Each structure stands twice: as structure tokens, then as C-alpha cells.
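Working notes, beginning with the structure itself.
In this note's numbering, the protein residues as written are 64 to 175.
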């Protein structure tokens, strides 16, 4: 019951919508039940899609390494070098694999 938050079930964001000469984020484009829809923000757009999907959404929106975006024929809004675009992603995963006596494999993966 929050007037400033709208949750859309069964939806997947495809890109951030930018407008104006300063490329201000004004909303998101998303797919719901196979239809493309757009949701506009009244104040700000917060991207919180995890350590894999957040960079993907940024790149689909035109923010990322210029050469990579151009190779995929995506528009380039901001050239962000790969090290900056993906900084910390490799540190976002904690992986441990332990083989116990008897050959049992325990696997723990944690996304921070």
C-alpha cells in the first residue's frame, strides 16, 4: 500500500528510457505477457537487477563499452570502459566447493 511503488508481476525490464540533451533516465521499458510496455518515473529510476542483469540492462540501454555496444548494433549513450562497467562483479560471487570423504560434493554459491 505504498503510493510511490508499483510492482508488476510477470514482467521483465528490457532497457532504461532516457530523454533530453543530458540523457536523463525517466523510466523503463519492459515486457509483460509478451507486450512491450513503458513505465515512467515521477522522481528517479532505481536499477536493482543483480550483479548479472544490472550490467545487461545498462548495456541494452546504451551504457557500456562502446566497441561492444557497436558490435551488437546498440546505440551508444555513454561509453563506459569494460572494467568500470563490470567493476566488482567478479567479487559479487562467493563460490566454494568442498568434496567430503566418500565423494559427496557440497556446493555453496552466494550472490551478495
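Note that beta-carbon positions come from the ideal geometry of N, C-alpha and C, so glycine has one too.
Just so you know, these numbers come straight off a predicted model, no measurement behind them.
Would you kindly work out how many angstroms separate the C-alpha atoms of residue i and residue j, rounded to a whole number?
{"i": "residue 104", "j": "residue 137", "result": "24 Å"}
{"i": "residue 131", "j": "residue 124", "result": "13 Å"}
{"i": "residue 86", "j": "residue 140", "result": "8 Å"}
{"i": "residue 175", "j": "residue 84", "result": "Legend: pLDDT at residue 175 = 42, less than 50; position of this residue unreliable, value from coordinates given subsequently. Going from the Cα of residue 175 to the Cα of residue 84 covers about 35 Å."}
{"i": "residue 68", "j": "residue 102", "result": "12 Å"}
{"i": "residue 142", "j": "residue 70", "result": "31 Å"}
{"i": "residue 144", "j": "residue 81", "result": "20 Å"}
{"i": "residue 93", "j": "residue 76", "result": "4 Å"}
{"i": "residue 74", "j": "residue 95", "result": "5 Å"}
{"i": "residue 127", "j": "residue 134", "result": "12 Å"}
Given that a residue counts as buried once 16 or more other Cβ atoms are within 10 Å of its Cβ, and exposed if not, what is residue i?
{"i": "residue 118", "result": "buried"}
{"i": "residue 72", "result": "exposed"}
{"i": "residue 97", "result": "exposed"}
{"i": "residue 115", "result": "exposed"}
{"i": "residue 78", "result": "buried"}
{"i": "residue 109", "result": "exposed"}
For residue i, which of helix, strand or coil comes out of DSSP?
{"i": "residue 90", "result": "strand"}
{"i": "residue 72", "result": "coil"}
{"i": "residue 120", "result": "helix"}
{"i": "residue 162", "result": "At residue 162, the pLDDT of 49 sits below 50, so the modelled position is not reliable; the number obtained from the coordinates is stated separately. Residue state, collapsed to three classes: strand."}
{"i": "residue 130", "result": "helix"}
{"i": "residue 79", "result": "strand"}
Mind checking who residue i pairs with in its DSSP beta bridge?
{"i": "residue 100", "result": "93"}
{"i": "residue 142", "result": "127"}
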